Structures are given as C-alpha cells and as structure tokens.
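A quick write-up on the structure given underneath.
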Amino acid sequence: MNLILLGAPGAGKGTQAKFIVEKYGIPQISTGDMLREAVAKGTELGKKAKEFMSQGKLVPDEIVIGIVKERLRQKDCEGGFILDGFPRTIAQAEALDRIMAEMGRKIDAVINISVPEEEIVRRIVNRRICRKCGAIYHLIYDPPKRPGICDKCGGELYQRDDDREEVVRQRFAVYRKSTQPLIDYYRKRGVLYEVDGTKDIVSVKSEILSILEKLKG
Ligand code: AP5
Ligand code: MG
Ligand code: ZN
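In our numbering, the protein residues as written are -10 to 206.
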C-alpha cells in the first residue's frame, strides 16, 4: 500500500503513522523527521532547512522533493510506504506523481485527518517527543507514565523548536494556503478518504485501519 497522510500541523499524522507501521510493516516517511535529523546533525541540508523550519515556513520544494525521491527508491519502500507531511504543495504533489509514474507505481489512498485550528494549538503546545525513539506524547491526552521519560525506551522527552504558539499559528496559516488545496487535488483523483481527527487517538486509529482493511480487499 502506498499511502499519504494529509492534515494540518498537529492533526495526528505522526501518531497515526506509527499505528500503520505496526500493523502493516511498511515504513513511515516523515519529511519533518528527516529534516529535523539533518538539523540535529548540522549537515548542509540541515543548515538550509533550519531557518525555514524555525519560522514555521515550508522548506523549498526542490529540496524536499529531492529527499523524498531518494527515499522512495530505497528497498524498504518496495512493499509500500506511508508519506507523512509530504506532499505539502501542489508542486510537490505533481512531482510525486512523476516520481511514482517513473517507478511504475501509484498512490492507493490519501487519508485526510481534519482538526480545527484551536484544537491544533492545544495539541501542539502540549506535545512531547522522545529524543531516542521518536515516540509522540501529549501532556494531557496521552501522557507518559513518568514525567519527561519515554514509556517505550526510557529516553528523554523534549519539545520541538517550532512548537511554540506563535510558530504554530504561522504553520497553520501556511497549511491553509499551501497544503489545504491538496484535499481537492486528491479528491478529484478519487483516492481521498476523510477522517474526523477531533476524536480520541484510538477512535481515529480504528477509523483509519478500517479504511485500509477495505482497501486491501
Ligand atoms: P512536520 O514535522 O511534518 O510537522 P507538521 O506537519 O507541522 O505536523 P506535526 O508533526 O506538527 O503534527 P502531526 O500531524 O504529526 O501530529 P502528531 O501526531 O505529532 O514539519 C515540520 C516542518 O518541517 C514544517 O513546518 C516545514 O518547515 C518542514 N517540512 C516538513 N515537510 C515539508 C514539506 N513536505 N515541504 C516543505 N517543508 C516541509 O500529534 C500532535 C499532538 O497531538 C501530539 O502531542 C499527540 O500526542 C496529540 N494527538 C494526536 N492525535 C490526537 C487525538 N486524536 N486526540 C488528542 N491528541 C492527539
Ligand atoms: Mg509529525
Ligand atoms: Zn522512546
């Protein structure tokens, strides 16, 4: 299955991607995670990406498209993949169409997780992430058993640099302008599935997994 998870910042793409990975064993390709890794390592790419990310702006299309193109060619993507946070612009979606065509593949489903702005802010400012394994927590909705420590691996929990309220508002504005048009783009292709992202984590999970089960047929 070749999947795309679409949704605003904080809609739950990363949270839900991890459930799909668990169930189907296909890799999660999160451009945000890949870019943050490059920033943490201080690579050339990381240096370029950092200034955009810290301001809540999109990293230029050509950079992100290049990263995804390379990643999709890796062996672990042969049995399918979950794109999380890509595409985010019409130009990226068109580039993805070309990449898929070159590989003789297609996108099977685009799952749009919708959540309104006020809930987004509540979610993001209380998010914590494990530095070691990337597990995602929420201080209120999905807290770790011991404060500041990952349940899964004992790693340290941290708050993302761009998760301050003013940056979150900026990210949401960018989402509305550049990414929301993708909903129509994929609806017209008949591959769009809508999920109500305001429900709790487990309900959203069952809704998504039931869509995927039907898809598998
Ligand atoms: P990226 O890392 O992709 O961030 P994002 O899209 O803003 O999305 P988030 O990761 O913030 O949210 P999420 O939907 O994964 O939510 P999560 O599951 O964590 O991108 C970061 C930056 O990188 C961008 O701003 C840009 O600069 C750059 N970038 C990345 N991709 C790019 C691209 N393609 N082009 C250009 N630039 C790019 O959940 C959020 C919180 O809510 C968590 O605390 C979680 O526990 C909680 N939660 C989740 N679901 C629920 C629920 N149902 N109920 C209650 N709480 C919930
Ligand atoms: Mg994410
Ligand atoms: Zn961990």
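For glycine and all other residues, C-beta sits at the position ideal for the given N, C-alpha and C.
Here the structure is a predicted model, which is why all the values come from computation and not from measurement.
Asked	Found
Own chain residues within Cβ distance below 6 Å of cysteine 142, not counting five before or after	Lys121 and Cys122
Test: leucine 128 CB closer than 8 Å to a CB of chain D	Going by chain labels, chain D is absent from the structure shown, which holds only one protein chain.
C-beta atoms of arginine 117 and tyrosine 164 nearer than 8 Å	no
Separation of threonine 4 from methionine 42, as counted between CA atoms	20 Å
Cβ-based burial, leucine 204 [other Cβ within 10 Å; buried from 16]	exposed
Contact test: aspartate 246 Cβ vs the ligand MG heavy atom, cutoff 7 Å	Only positions -10 to 206 of the chain appear in the structure, and residue 246 is not among them; the question remains open.
Bridge partner(s) assigned by DSSP for valine 28	According to DSSP, which records beta bridges pairwise, valine 28 is partnered with nothing at all.
C-beta contact flag for lysine 39 and valine 28 at 8 Å	yes
Extent of the continuous beta strand (DSSP E) to which valine 184 belongs	181 to 185
Beta carbon shell of the ligand ZN at less than 5 Å from a heavy atom	Cys119, Lys121, Cys122, Ala124, Cys139, Lys141, Cys142 and Gly144
Cα-Cα separation between isoleucine 197 and lysine 7, rounded to whole angstroms	12 Å
heavy atom of the ligand AP5 below 7 Å from threonine 4 C-beta	yes
Neighbourhood of proline 133 by C-beta distance below 6 Å, restricted to the same chain and skipping five residues each side	Tyr126 and Asp140
N- and C-terminal bounds of the beta strand (DSSP E) containing valine 114	Valine 114 -> not in any beta strand (DSSP E); alpha helix (DSSP H) instead, spanning 106 to 114.
Simplified DSSP state of arginine 153, which is helix, strand or coil	coil
CA-to-CA distance, proline 105 to lysine 95, given in whole angstroms	30 Å
6 Å Cβ shell around alanine 84 - same chain, five flanking residues per side excluded	Ile54
8 Å Cβ cutoff met for glutamine 17 and aspartate 73	yes
Expected contact under 8 Å - CB spacing of isoleucine 207 and leucine -6 to nearest Å	Residue 207 cannot be examined here, being either before or after the span of the chain that is shown, -10 to 206.
Contact set for tyrosine 175: own chain, Cβ-Cβ below 7 Å, skip 5 residues either direction	Val99 and Leu181
Buried or exposed (CB count within 10 angstroms, at least 16 for buried), arginine 135	exposed
Cβ distance (whole Å) where methionine 23 is taken to contact isoleucine 56 below 8 Å	6 Å
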